[in-house]
Amino acid sequence: MLVDFETCCELLKNGSVVAIHTETVYGLAANALCPTAVKKIYQTKGRPAQNPLIVHILNSARARSLAFTNEYFFSLAEEFWPGPLTFILESKDIVPKITTGGLNTIALRSPESDVFRNVLRKTNLPLAAPSANPTNKLSPTTAQHVLDNFKSDCPKVLDGGSCREGIESTVLDISKGKPRILRPGPVDPHDIENHLGQKVEITHLKSNDGKSPGNSLTHYSPITPTKVFLNQTKLLAEINSSKDQIFIFPFGKMCKSPKRPNILVISESNSREELLRNLYSTLHDADKKNLAAINICLLPPTCNQYVVYNDRIKRAGTIIN
Ligand code: TXA
Ligand code: MG
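Our numbering puts the first residue of the sequence shown at 1, with every later residue one more than the last.
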């Protein structure tokens, strides 16, 4: 059910969960300092207790009470906050262990969405918020996706329209000094490197190294079995094989054949930003058709957007070699 702003803030202050718009994906929010409220997030999502949550705050000054901040943090927060960059820092004792999945570190992000920021201002609470989807399902980029995902068990939703980025934040670990990207996202590692004037380690291209517990290799998947082809040529070769399967092309220019009901294009205008913005909504649309399989392909990793796209697509299905 949708709720208005005032009701949303009251619910959060009383220890309930509410799904709220952010500029990346909708987040399932609750008071990060209240263990019983945070427990409801894990229960609603069916999320394993060892998978920590991102805590959302208004600005970098608010981080001091929750985490041991450092120079990397203040320099990068000034450049990239508010926005889709999450920092991992050493946590202070005030943060309940349930929020950090038992870790000594905490994930912090200052979202750019006015809807979310107004809730942070009004409640004056740090809000823990993972993506508002049942664990291992697709992240929601509209209020309708949240309602569709949870059906009759749906939490309250504060609608803020569709999400501008459409993809989860970049996660950067600066808790051990040397910056490391744990999850690729809208903020490009090259921009972080240029800002810092030093190299940033990229860990997500290796398999799950256990450092970001939620970044497992199966994640973000549609209900429909999903086949991931290595490139566009291999996807095109399959296109006539089966009428009861759906084919998703990243860009309009890749799909020259006449449009059919079982073909979806993520970005008709061939834009990299739109590729990420529309990725999950296209997968949601494909899933709703209830066909036998979804077929999709990887892109050459020549820019950050394609790296992020490939990361999420690989987690959505099975790679066909
Ligand atoms: O854009 C986003 O980040 C969205 C919106 C709602 O802010 N949130 C989001 O949350 O994607 P979630 O829970 O779906 O993903 C958080 C990721 C998980 O992979 C989790 O394991 C990792 O961040 N994470 C959280 N705390 C961590 C920590 N202390 N150390 C390492 N990884 C952590
Ligand atoms: Mg998630």
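By construction, the Cβ of each residue, glycine as well, lies at the ideal position given by its N, Cα and C atoms. The structure presented is a predicted model; accordingly, all values stated were derived computationally and were not measured.
Checklist entry - At a cut-off of 8 Å, is A316 close to the ligand TXA when judged by its beta-carbon and the heavy atoms of the ligand? => result Here residue 316 refers to the residue found at position 316 of the sequence shown. Not so, every heavy atom of the ligand TXA lies at least 8 Å from the Cβ.
Checklist entry - Across which residues does DSSP place S91 in a beta bridge pair? => result If you number the sequence shown from 1, residue 91 lands on position 91. DSSP output for S91 lists A67 as bridge partner(s).
Item to check | Test item: CB-CB of I98 and P35 under 9 Å | outcome: In the sequence shown, counting from the first residue as 1, residue 98 sits at position 98. In the sequence shown, counting from the first residue as 1, residue 35 sits at position 35. Closer than 9 Å, so yes.
Checklist entry - What do you reckon, is the C-beta of K26 under 8 Å from a heavy atom of the ligand TXA? => result The residue given as residue 26 occupies position 26 in the sequence shown. Per the sequence shown, residue 26 should be read as Tyr rather than Lys. Yes; taking the cut-off as 8 Å, the Cβ of Y26 has a heavy atom of the ligand TXA nearer than that.
Next on the checklist: Given this structure, state the Cα-to-Cα distance separating S152 from N194, to the nearest angstrom.
Outcome noted: Start at 1 with the first residue of the sequence shown, and residue 152 comes out as number 152. Start at 1 with the first residue of the sequence shown, and residue 194 comes out as number 194. S152 and N194: Cα-Cα distance of roughly 47 Å.
Checklist entry - Hey, out of P134, I106, N14 and I263, whose CA is closest to K243's CA? => result Position 243 of the sequence shown, counting from 1, holds the residue named residue 243. Among P134, I106, N14 and I263, the Cα nearest to that of K243 is on I263.
Checklist entry - For H56, which three-state DSSP category applies? => result By 1-based counting over the sequence shown, the position of residue 56 is 56. Residue state, collapsed to three classes: strand.
Next on the checklist: For a test of your reading of the model: does the CB of Y220 fall under 8 Å from any non-hydrogen atom of the ligand MG? Yes or no.
Outcome noted: The count along the sequence shown starts at 1 and reaches residue 220 at position 220. Y220: yes, Cβ under 8 Å from the ligand MG.
Item to check | For G252 and E274, believed in contact at Cβ under 8 Å, the rounded distance | outcome: On the sequence shown, position 274 is the one that residue 274 refers to. On the sequence shown, position 252 is the one that residue 252 refers to. With 8 Å as the limit, E274 and G252 do not qualify as a contact, their Cβ atoms being about 10 Å apart.
Next on the checklist: Check whether the region 42-49 and the region 170-179 are in contact - that is, three or more C-beta pairs closer than 8 Å.
Outcome noted: no
Next on the checklist: I'd like to confirm something about S169: is its beta-carbon nearer than 8 Å to some heavy atom of the ligand MG, or not?
Outcome noted: Numbered from its first residue, the sequence shown carries residue 169 at position 169. Answer for S169: no, Cβ out of range of the ligand MG.
Item to check | Start-to-end residues for the beta strand (DSSP E) that takes in N124 | outcome: Within the sequence shown, residue 124 is the residue found at index 124, counting from 1. Unbroken run through N124: none, as it is neither H nor E.
Checklist entry - How is P250 classed by DSSP in three states: helix, strand or coil? => result The count along the sequence shown starts at 1 and reaches residue 250 at position 250. Strand, per DSSP.
Item to check | For K314, the first and last residue of its enclosing alpha helix (DSSP H) | outcome: Within the sequence shown, residue 314 is the residue found at index 314, counting from 1. Element bounds for K314: N304 to A316.
Item to check | Beta-carbon separation (whole angstroms), I296 vs V228, contact threshold 8 Å | outcome: Taking the first residue of the sequence shown as position 1, residue 296 is located at position 296. Taking the first residue of the sequence shown as position 1, residue 228 is located at position 228. Yes, I296 and V228 are in contact; Cβ-Cβ is about 6 Å, under 8 Å.
Item to check | Segments assigned alpha helix (DSSP H), at least 4 residues, entirely inside the region 173-199 | outcome: 189-196
Item to check | Which of helix, strand or coil DSSP assigns to D209 | outcome: In the sequence shown, residue 209 corresponds to position 209, counting from 1. Residue confidence for D209 is low, a pLDDT of 48 falling below 50, so the modelled location carries little weight and cannot support an answer.
Checklist entry - What are the residues that DSSP puts in a beta bridge with T86? => result Along the sequence shown, read from residue 1 onward, the residue named residue 86 stands at position 86. DSSP, once it has assigned bridges, lists V171 as partnering T86.
Item to check | Extent of the continuous alpha helix (DSSP H) run through A292 | outcome: Here residue 292 refers to the residue found at position 292 of the sequence shown. Per DSSP, A292 belongs to no alpha helix (DSSP H) and is neither H nor E.
Checklist entry - Does the beta-carbon of D311 have 16 or more other beta-carbons within 10 angstroms, so that it is buried, or is it exposed? => result Counting from 1 along the sequence shown, the entry for residue 311 is found at position 311. Classification for D311: buried.
Checklist entry - Is L11 near the ligand TXA, in the sense that its beta carbon is under 8 Å from a heavy atom of that ligand? => result On the sequence shown, residue 11 is found 11 positions in, with the first residue counted as 1. L11: no, Cβ never under 8 Å from the ligand TXA.
Item to check | Proximal residues to L299 (C-beta, below 7 Å), its chain only, five neighbours per side dropped | outcome: Here residue 299 refers to the residue found at position 299 when the sequence shown is read from its first residue. Contacts found: P250, Y306, Y309 and N310.
Item to check | Through-space distance from A107 to V55, alpha-carbon basis | outcome: Here residue 55 refers to the residue found at position 55 of the sequence shown. Here residue 107 refers to the residue found at position 107 of the sequence shown. Those two C-alpha atoms are separated by around 6 Å.
Item to check | Same chain, Cβ closer than 8 Å to N3, five either side skipped, listed in chain order | outcome: Taking the first residue of the sequence shown as position 1, residue 3 is located at position 3. The question names Asn, but residue 3 in the sequence shown is Val. Same-chain partners within the cutoff: L11, V18, K156, V157 and L158.
Next on the checklist: For a test of your reading of the model: does the CB of P225 fall under 8 Å from any non-hydrogen atom of the ligand MG? Yes or no.
Outcome noted: Position 225 of the sequence shown holds residue 225. P225 Cβ: outside cutoff for every heavy atom of the ligand MG.
Checklist entry - Taking the alpha-carbon positions, what's the Y220 to I88 distance? => result Residue 220 sits at position 220 when you count from the first residue of the sequence shown. Residue 88 sits at position 88 when you count from the first residue of the sequence shown. Answer to the nearest angstrom: the Cα atoms are 22 Å apart.
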